[in-house]
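Be aware that the sequence shown starts at 28, since it is given in our numbering, and climbs by one per residue.
Note that beta-carbon positions come from the ideal geometry of N, C-alpha and C, so glycine has one too.
Below: one structure, written as structure tokens.
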Amino acid sequence: MRSTILDRKFSYNRQTEQHSKYERSGVGMASSIKQMTAEINIDAERSELAAEWSHFQDALNRAGRIILSTHENPDGDGIGAQLALCEHLKMLGKDVRILNCSQAPSVLEFLDPNGWLEVYDHGNDEAWLKDCDLGVAFDLGDFRRLHEVGENLVMHKVPLACIDHHPQMGYGENGSPYRYTLIDFTAPSTGTLVWQYLRSYRKEAITRTMADALYTALVTDTGSFKYDNTDGRAHLMAMDLMQAGVHPYYIHKRVYEQRTHAQTMLLGVVIKYIQYSADHRIGWCVLTKERFAEAGAELDDVEGFSEFIRTIKGVQVSALITEVEPGKTRVSMRSKGSLPINDVAEQMGGGGHAFASGISLDQTWQEVEAQLLPLLEAKVANFNFEDGA
Ligand SMILES: [Mn+2]
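As structure tokens, then:
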């Protein structure tokens, strides 16, 4: 049974008290940690999805050729999860390829020393894809975000598995495209699910390259252990991966200390044009083509700006509205963790997590802004923010 927030608060207080008691006496600390960690599920075969993992394992065992894919504009979670599983499957002698519909960000290239990340090319790759025994989709949320890869997989009736921690949408009229559904909304990252799978079903130890990939998945999706999804499982996973050789600061440097000059200039432009509404509870910025030009930056330089706006004191909900091209607009929204905003995203045809969601629309940025702001303002007006953050 899932514990309520009240239960969690209670057990937290109890653990804190126990902690200080053990600290004073200087004994029993290890057993106290053991007790605390025993309650956290870290193995796939003991999770609520145990039966589904076991079906998935049978499918993997039977499969000779396997395709792995994640959403367009892939992130550290999707990439990390698929690289770790790819290495595992290659070691088992499977004919496995990672084919994504778009390129991984260059900061993540260090995770792929063997060049396994490929961009799907219909002309060259369809012949290989159509004979796949299994397709695994990672971190998707919305099946349509596989684009051509997804369409080709459905067309050639390749059995599909989904490893994810997003609420699902975009299945279309035929219902779920997946035969195996490994979805856990409570997982801090998709990489966490792959880690749990490997812990249960891999005989050998997790390698350093797998550990780096999975740690990157975890760190990027929890905002370096800051976001609301950071739980005991996240920290246990980090500890386990450190045992497998991960150096946290090495990963941090490679992922986060890489801001280019153009991105820095663009951040300056974002700061310059932030607007507020609802007594500063909503903060947003529009990145138009003119503003990109002002920074000397490109679309690819957009990185983490909606998170940045959220960090401003008093801001509960942040949005970055990006003009992708005239008549095409992208919105990235964040919430400080009191007010879910994915319903607003869904209302406008987007989706995502409760506190981090997005929308892509074939509309001008002015049209998108004019729709989005009233929706956010209405939500904020009707919500009682208790923690005063
Ligand atoms: Mn994710």
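Beta-bridge annotation (DSSP): residue 127 is paired with 146.
Residue 236 has its Cβ no nearer than 6 Å to any heavy atom of ligand 1.
DSSP places residue 189 in the strand class (E or B) of the three-state scheme. Per DSSP, residue 165 is one residue of the beta strand (DSSP E) stretching across 161-165. Just measuring C-alpha positions, the residue of 340, 288 and 334 sitting nearest residue 306 is 340. For residue 248, the closest C-alpha among the options 235, 229, 277 and 282 is that of 282. Just measuring C-alpha positions, the residue of 116, 275 and 302 sitting nearest residue 163 is 116.
A straight-line Cα-Cα distance of about 31 Å links residue 254 and residue 394.
Placement of the Cβ of residue 219 at a distance of 6 Å or more from every heavy atom of ligand 1 is found.
Under the 10 Å beta carbon count, residue 61 is surrounded by fewer than 16 other beta carbons and is classified as exposed. As summarised for the stretch 73-134, the continuous beta strand (DSSP E) elements at least 3 residues long and confined to that stretch are 92-97 and 122-127, given in chain order. Taken atom to atom, the span from the alpha-carbon of residue 168 to that of residue 203 is near 12 Å.
When 399, 131 and 380 are compared, the shortest CA-CA separation from residue 388 is found for 399. Shortest gap from the CB of residue 384 to any heavy atom of ligand 1: 6 Å or more. Contact check for residue 215 against residue 154 fails: the beta carbons are separated by 7 Å or more. Burial is judged here by how many other beta carbons sit within 10 angstroms of a residue's own beta carbon; residue 256 has at least 16 and is buried.
In the DSSP annotation of this structure, the continuous segment of the beta strand (DSSP E) that includes residue 304 starts and ends at 302-304.
Under the three-state reduction of DSSP output, residue 316 falls in the helix class. Assignment of beta-bridge partners to residue 272 by DSSP yields no partner. Taken atom to atom, the span from the alpha-carbon of residue 104 to that of residue 125 is near 14 Å. Here DSSP, grouped into helix, strand and coil, assigns residue 355 to strand. A distance below 7 Å separates the beta carbons of residue 384 and residue 372.
Under DSSP, residue 361 shares a beta bridge with 345 and 383.
In the structure shown, residue 331 adopts coil according to DSSP, grouped into three states. Per DSSP, reduced to three states, the secondary structure at residue 283 is helical.
Taking the C-beta atoms as reference points, residue 292 is found no nearer than 7 Å to residue 320. For residue 212, same chain residues with a beta-carbon under 7 Å away, outside a window of 5 residues either side, are 192 and 194 in chain order. Between residue 357 and residue 333, the C-beta spacing is not below 7 Å.
Per DSSP, residue 228 is one residue of the alpha helix (DSSP H) stretching across 217-228. Note on residue 182: under 16 other CB atoms within 10 angstroms of its CB, so exposed under the neighbour-count rule. Collapsing the DSSP output to three states places residue 377 in coil. Taking 7 Å as the cut-off, the beta carbon of residue 206 is found no closer than this to the beta carbon of residue 158.
Under the three-state reduction of DSSP output, residue 338 falls in the coil class, being neither helix nor strand. A heavy atom of ligand 1 is found nearer than 6 Å to the CB of residue 216. A straight-line Cα-Cα distance of about 10 Å links residue 89 and residue 83. Here DSSP, grouped into helix, strand and coil, assigns residue 175 to helix.
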